[in-house]
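The sequence shown begins at 15 in the UniProt record's numbering and counts up by one.
Each residue gets a CB set at the ideal place from its N, CA and C atoms; glycine is no exception.
These numbers were taken from a predicted model, which means no experiment stands behind them.
One structure is given below, encoded as structure tokens.
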Amino acid sequence: AEEPPTTSRRSGGPADSAFLRACRREPVPHTPVWFMRQAGRSLPEYLKVREGIAMLDSCMRPDLVTEITLQPVRRHKVDAAIYFSDIVVPLKAIGIDLDIKPGVGPVVERPIRTRADLARLRPLEPDDVKYVTEAVGMLTAELGDTPLIGFAGAPFTLASYLVEGGPSRNHEHTKALMYGDPQLWAELLDRLADITAAFLDVQISAGASAVQLFDSWVGALAPDDYRASVLPASAKVFDAVARHGVPRIHFGVGTGELLGLMGRAGADVVGADWRVPMDEAARRVGPGKALQGNLDPAVLFAPRQVVETKAREVLTAARDLPGHIFNLGHGVLPSTDPEALTRLVEFVHTESAR
Ligand code: CP3
């Protein structure tokens, strides 16, 4: 018998992947899973390729970015890759004097605190980050049907590093500026929104299938302050990249009280940490969004049976959601046993496919 005519495609591409289907709130064969910070220090193969190469230098080398991004996909069989970079890369690219200090995080030599300092935040041009365009191109070619998630830091979280000059527990300089000079603060966040949107644009234009906006530290704010001082800038970022039609994910830590407002900022998918059960997170975020989360990354240090029980609890809480992407409630902790992560991926896949 003759073969029926086919549109013979070697690969359908990522469009029909469980991850993108879940982002679009379509039925999935299994719950997709990926981990924030899945590439990095939990993997011996990462430590090996990074030997003697500074973090920010590695982010500017497409060969290394490609290899490091692929490592967790190969090892854990996660449903999506996340582009290997850091939230401060676009700031470095426009000439901000910052570095990532091992074991500390991003450190800015001259913090941004005055109107005169604002001028140092010039717009980001695609040519500032040619290595990103190149690396995303290499990655999408290698990844086939596995989607690539691009990302950026959200204006508030970027501002916190720029204003504090480094990591901060209480964000006192940041809040002093936000409360003390609302006009300057709004201009700062607006510039950061433009830089962030331009950086996401580069990644999507080069082939990223989805993007995540990390507002890691915004949980430090009360809802009224978030609404007045942060939401407009984050909404500007989501609006600016909407035309591409790729799913936009929004995530922060300790944001239980902000989930409703974060939903309003415009993302298609909202991430939650482990402090709010997924069904409650979905109620707070409101209708029309997929949810991502939310196993406590520290649970991976408990015995295997406990990890499975806790992972099953996440799946159960998310059972009736139209779209759920399994993730941790924050990034993989550096000393996590990689085998526990591999087992977790397999568990989520089999458990959710029943
Ligand atoms: O796998 C992935 O998720 C992609 C890689 C990634 C990195 N940073 C690599 C990295 C991503 C998504 C980020 C985002 C990032 N960077 C965020 C948002 C996510 C979050 O965790 O909330 C934040 C707040 C930063 C700022 C930052 N950069 C911190 C707090 C640190 C850790 C400092 C330390 O050493 O403990 C970094 C450095 C960094 N970024 C590392 C990696 C792999 C570690 C440095 C190294 O390996 O040499």
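Exposure label - residue 20; buried when at least 16 CB within 10 Å
The predicted position of residue 20 is uncertain, since its pLDDT is 45 and thus under 50; a value taken from the coordinates is nonetheless stated next. Under this definition residue 20 is an exposed residue.
Can you give, in chain order, each stretch of the beta strand (DSSP E) that sits fully within the region 260–297 and has at least 3 residues?
262–265, 283–285
Given 7 Å as the limit, tell me if residue 181 has its C-beta closer than that to any heavy atom belonging to ligand 1.
yes
Candidates 52, 211, 233, 303: closest to residue 253 by CA position:
211
What would DSSP say about residue 102, mapped onto helix, strand or coil?
coil
Out of curiosity, what's the CA-to-CA distance linking residue 141 and residue 263?
25 Å
Cβ neighbours of residue 64 in the same chain (closer than 7 Å, five flanking residues each side left out)
72
What residue from 126, 152, 269 has the CA that sits closest to residue 174's CA?
126
For ligand 1, I want to know if residue 55 counts as a neighbour, meaning its beta carbon is within less than 7 Å of at least one of the ligand's heavy atoms.
yes
So the candidates are 350, 240, 176; which of them puts its Cα closest to the Cα of residue 106?
176
What are the start and end residues of each continuous alpha helix (DSSP H) run of 4 or more residues lying completely inside the region 124–177, in chain order?
129–132, 144–157
Check whether residue 161 and residue 224 have beta carbons under 8 Å apart
yes
Using only the heavy atoms of ligand 1, determine whether one of them is closer than 7 Å to the beta carbon of residue 228.
yes
Residue 288 to residue 271 span [Cα, whole Å]
13 Å
Sequence-distant residues of the same chain with beta carbon closer than 7 Å to residue 81, five excluded per side:
63
I'd like the list of long-range same chain contacts for residue 260, defined as Cβ closer than 8 Å, with 5 residues on each side in sequence excluded.
218, 222, 223, 224, 225
What does the Cβ neighbour count give for residue 368, buried or exposed, with the cut at 16 atoms within 10 Å?
exposed
Return helix, strand or coil for residue 307, following the three-state DSSP convention.
strand
Let me make sure I understand the geometry here. Which of 339, 137, 181 has the alpha-carbon closest to that of residue 92?
339
Tell me whether residue 256 is buried or exposed, calling it buried when 16 or more other Cβ atoms sit within 10 Å of its Cβ.
exposed
Between the Cα of residue 165 and those of 352, 334, 83, spot the shortest distance and give me the residue it belongs to.
83
Return yes when the C-beta of residue 116 is under 7 Å from any heavy atom of ligand 1, and no when it is not.
yes
Could you give the distance in angstroms between the alpha-carbon of residue 189 and the alpha-carbon of residue 200?
12 Å
Can you list, in chain order, the residues of its chain whose CB lies under 8 Å from that of residue 32, leaving out five sequence neighbours each side?
42, 43, 44, 45, 46, 93
Check whether the region 336–350 and the region 302–319 are in contact - that is, three or more C-beta pairs closer than 8 Å.
yes
Just how far apart, CA to CA, sit residue 102 and residue 320?
36 Å
Given that a residue counts as buried once 16 or more other Cβ atoms are within 10 Å of its Cβ, and exposed if not, what is residue 110?
buried
Three-state secondary structure (DSSP) at residue 63?
helix
Just tell me which of 40, 36, 58 has its CA closest to the CA of residue 48.
36
Straight-line Cα distance separating residue 139 from residue 148:
15 Å
The alpha helix (DSSP H) that contains residue 54, what's its start and end?
No alpha helix (DSSP H) holds residue 54; DSSP gives it neither H nor E.
What are the complete alpha helix (DSSP H) segments, minimum 4 residues, inside the region 174–249?
186–194, 196–219, 237–243
From 75, 66, 61, residue whose alpha carbon lies closest to that of residue 86:
61
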